[in-house]
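Some notes on the structure that comes next.
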Amino acid sequence: MGNVDREEKQIKFRRELLDISHLNMPTFCEKCQGVMVFKGVGEYKCEDCGHLEYDDYGKCRNYIETHPGATSAQVSAGTGVSQKAIRQMLKDQRLEIAPNSHAFLKCESCGASIRYGRLCKACEVKYHRELEDEARAHKPHSNMSGFSTKIPKSEEGAKRFTKDW
Ligand SMILES: [Zn+2]
Ligand SMILES: [Zn+2]
Numbered sequence: 380m381g382n383v384d385r386e387e388k389q390i391k392f393r394r395e396l397l398d399i400s401h402l403n404m405p406t407f408c409e410k411c412q413g414v415m416v417f418k419g420v421g422e423y424k425c426e427d428c429g430h431l432e433y434d435d436y437g438k439c440r441n442y443i444e445t446h447p448g449a450t451s452a453q454v455s456a457g458t459g460v461s462q463k464a465i466r467q468m469l470k471d472q473r474l475e476i477a478p479n480s481h482a483f484l485k486c487e488s489c490g491a492s493i494r495y496g497r498l499c500k501a502c503e504v505k506y507h508r509e510l511e512d513e514a515r516a517h518k519p520h521s522n523m524s525g526f527s528t529k530i531p532k533s534e535e536g537a538k539r540f541t542k543d544w
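Numbering (the working numbering), first residue to last: 380 to 544.
The structure is reproduced here in C-alpha cells:
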C-alpha cells in the first residue's frame, strides 16, 4: 500500500516536470534519428553519431554566457527563442539573467540545495535517463534502413513533440 502511494507520487511528480518541460527538447537526432542523450545544462548528444543539439534552455544559457548582462529581448533575438519562453524559464527559475541572486532553492526530488531550476544535477540527469529509455522504446525504425524513406521528413518532424505527454 505504501508502495502504491509512492508510485502515484512519482507519477504525479513526473507529470509536473513534463508540464514545465516546454523547452523544445531534442528527442531524436536530426541527422540519423538516434536518441539524443542529455549531457547537462540543455545540451544533448546523439548516442549514435555524436551530433550535438541544444534545447531552448541550452541555447539561452550559451548566449548569456557569451553575452553577460544581455536583456531578455537580446537573448530572444540572439537565440530565436521566444521572449515568452524566456520569461517562462525565468519564472521557473531555470534561467538567471542577472546572476546576483543568493536565494537557494531546494531540489524538488531529493531536497538538495540548488541555485536555479527545480531539480539538482543528479535528479535532472535521472529524469532525462527515464525519458531516454522511453525514447529508445519508441525509436523510429532505426534498424530497418529499408523503411526509413517511407515517412516523409516533414511529417516526422511535426510529430516529434506531439506525444500526449
Ligand atoms: Zn545522430
Ligand atoms: Zn535532487
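A virtual CB, placed ideally from N, CA and C, is assigned to each residue, including glycine.
Nothing here was measured: the structure is a model prediction, and the numbers come from that model.
Contact belief for residue i with residue j at Cβ below 8 Å, rounded distance in angstroms
| i | j | result |
| --- | --- | --- |
| residue 504 | residue 407 | Not a contact, Cβ separation roughly 19 Å. |
| residue 409 | residue 423 | Not confirmed; about 11 Å, so no contact. |
| residue 427 | residue 402 | The Cβ separation is near 22 Å, so there is no contact. |
beta-carbon residue i near ligand 1 non-hydrogen atom, thresh 8 Å
| i | result |
| --- | --- |
| residue 453 | no |
| residue 430 | yes |
| residue 463 | no |
| residue 499 | no |
| residue 518 | no |
Exposure of residue i, with buried meaning 16 or more beta-carbon neighbours within 10 Å
| i | result |
| --- | --- |
| residue 514 | buried |
| residue 497 | buried |
| residue 413 | buried |
| residue 492 | exposed |
| residue 405 | buried |
| residue 449 | buried |
Spatial neighbours of residue i in its chain, beta-carbon cut-off 7 Å, leaving aside the 5 residues before and after
| i | result |
| --- | --- |
| residue 463 | none |
| residue 458 | 438, 439, 442 |
| residue 461 | 455 |
Residue i: CB within 8 Å of a non-hydrogen atom of ligand 2
| i | result |
| --- | --- |
| residue 437 | no |
| residue 469 | no |
| residue 419 | no |
| residue 491 | yes |
| residue 425 | no |
Close beta carbons around residue i, own chain, < 8 Å, minus the five adjacent residues each side
| i | result |
| --- | --- |
| residue 420 | 436, 437, 440 |
Sequence-distant residues of the same chain with beta carbon closer than 6 Å to residue i, five excluded per side
| i | result |
| --- | --- |
| residue 488 | 498, 502 |
| residue 430 | 408, 410 |
| residue 518 | none |
Distance CB(residue i)-CB(residue j) smaller than 9 Å
| i | j | result |
| --- | --- | --- |
| residue 469 | residue 455 | no |
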